[in-house]
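Student: For the record, in the sequence shown the residue sitting at position 9 is 9 according to full-length UniProt numbering, with numbers rising by one throughout. No residue lacks a Cβ here, since even glycine has one placed at the ideal position from N, Cα and C.
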Amino acid sequence: MDCIFCKIIEGTLPSKKVYETEQVVAFHDIQPKAPVHIVIVPKKHIPTMNDLQKEDYALLGDIHEAAQQIAKDLGVAQSGYRLVNNCNKDSGQIVFHIHYHLLGGEPLGDIVG
Ligand code: 5GP
Ligand code: ZN
1 MDCIFCKIIE
11 GTLPSKKVYE
21 TEQVVAFHDI
31 QPKAPVHIVI
41 VPKKHIPTMN
51 DLQKEDYALL
61 GDIHEAAQQI
71 AKDLGVAQSG
81 YRLVNNCNKD
91 SGQIVFHIHY
101 HLLGGEPLGD
111 IVG
């Protein structure tokens, strides 16, 4: 499958990983929009939020658990951070493997992932 994030998950494409469990991986965004810009993905290939099934809902909890831990590890838990999902064209989604941007490290204003 020609999916950049699946390749990162498999390790065939390099990335700077900051978190990994059986279900979830997180890594530094290649074009950061804030001092902290991490991409959190489930290992399961789900193209967009529209494709989430009830059986996948536990992954959303896993992703929030990852976000909490990463924010703590990278020192933005108290200063603040934003978790963003883009779904389809108008949102600006360019990688069709569901993911959440964790942004922080400065006042974010209207910065989104
Ligand atoms: P989207 O616009 O789909 O929500 O965001 C996709 C994000 O993935 C973008 O912020 C983009 O910079 C990031 N990205 C795209 N290709 C790569 C890559 O090969 N490695 C990493 N680490 N991030 C990538
Ligand atoms: Zn994928």
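(1) Per DSSP, which residues does ILE111 bridge with? Please list them.
(2) Mapping DSSP to helix, strand and coil, what is GLY104?
(3) Reducing DSSP to helix, strand and coil, say where ILE94 ends up.
(4) Any heavy atom of ligand 2 within a distance shorter than 7 Å of the CB on HIS101?
(5) Is the beta carbon of ILE94 within less than 7 Å of some heavy atom of ligand 1?
Tutor: Working from what's here:
(1) Paired residue(s): none; ILE111 is not in a bridge.
(2) strand
(3) coil
(4) no
(5) yes
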